[in-house]
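Read the structure below first, then the notes.
In the numbering used here, the protein residues as written are 8 to 99.
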């Protein structure tokens, strides 16, 4: 028996509106620590949230897609001293 491909979980996952209206707990944890008027690198967010950089990176990318945060200016990271992308709360 074949199923309709458009009704599979994979296709639903790739829909832009799937699971995008609910903020995940780790996303909320990051957003709570961010302050208006300040930009953050992945490493800085990992430091203030006590999360792994890989988790922060994944949540950051999801929040960028959702439009909850936006890119800030490139600047030196306070930890690595390399020029990297930053993010900030949307609408600043």
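Don't be surprised by glycine CBs; every beta carbon is placed ideally from N, CA and C. Remember, predicted model here, so these are calculated numbers, not experimental data.
Cβ-based burial, residue i [other Cβ within 10 Å; buried from 16]
i          : result
residue 78 : exposed
residue 59 : exposed
residue 29 : exposed
residue 39 : exposed
residue 53 : buried
Limits of the unbroken alpha helix (DSSP H) element including residue i
i          : result
residue 55 : 49 to 56
residue 72 : 60 to 73
residue 40 : 32 to 40
Start-to-end residues for the beta strand (DSSP E) that takes in residue i
i          : result
residue 89 : It is not in any beta strand (DSSP E) - residue 89 carries neither H nor E in the DSSP assignment.
Rounded Cβ spacing between residue i and residue j (contact assumed at less than 8 Å)
i          : j          : result
residue 46 : residue 94 : 7 Å
Touch check for the region 57 to 73 and the region 83 to 91: three-plus C-beta pairs under 8 Å? Fewer than three beta-carbon pairs drawn from the region 57 to 73 and the region 83 to 91 are found closer than 8 Å, and the two stretches are therefore not classed as touching.
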